[in-house]
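**Student:** Number 106 marks the last residue of the sequence shown (our numbering); no jumps.
Quick one: the structure is below, and I'll ask about it shortly.
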Amino acid sequence: MGNIIASKCRICNFENTFSYGGNRFNYLTNCPVPAINTETEEFENVNYIVEKNNPKFKFYSDKELKGDNEGRNTFGNFDLELNSCNNYCPKCKNFSFDFRIKFFTD
Ligand SMILES: [Zn+2]
Numbered sequence: 001m002g003n004i005i006a007s008k009c010r011i012c013n014f015e016n017t018f019s020y021g022g023n024r025f026n027y028l029t030n031c032p033v034p035a036i037n038t039e040t041e042e043f044e045n046v047n048y049i050v051e052k053n054n055p056k057f058k059f060y061s062d063k064e065l066k067g068d069n070e071g072r073n074t075f076g077n078f079d080l081e082l083n084s085c086n087n088y089c090p091k092c093k094n095f096s097f098d099f100r101i102k103f104f105t106d
């Protein structure tokens, strides 16, 4: 149900790894999603269940951080969806940040 996702920017090579989605044991309380902290402009992996109404965060499941997915896979988790390519890069600020699933967690 949850995923570990590896990201990489095609332009500036910024990369990281983050958790996405809760697992079957904790999904009611923990749902990590990739986000941008608008105060620091840094990438953060935050718990959507706690932070979803916090105006400080923009989430990668929001349209604002998504570019053209070119018809490729999306990653769903309950009512959230991530695009696999052309997401907003926190470093160079282009829509050139790609996600791929590294592995699944229960
Ligand atoms: Zn970049």
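No residue lacks a Cβ here, since even glycine has one placed at the ideal position from N, Cα and C.
#1: Name the residue from Arg72, Asn73, Glu44 and Asp68 whose alpha carbon lies nearest to the alpha carbon of Phe59.
#2: Based on the DSSP output, what are the partners of Glu42 in its beta bridges?
#3: Cβ atoms of Ile5 and Phe14: under 7 Å apart, would you say?
#4: Among Glu42, Asn47 and Asn69, which has the Cα closest to the Cα of Arg100?
#5: For ligand 1, which residues count as neighbours when the test is a C-beta closer than 5 Å to any heavy atom?
#6: Answer yes if the stretch 45-57 comes into contact with the stretch 81-95, meaning at least three C-beta pairs across the two stretches below 8 Å, and no otherwise.
**Tutor:** Well, looking at it:
#1: Glu44
#2: Asn37
#3: no
#4: Asn69
#5: Cys9, Ile11, Cys12, Phe14, Cys89, Lys91 and Cys92
#6: no
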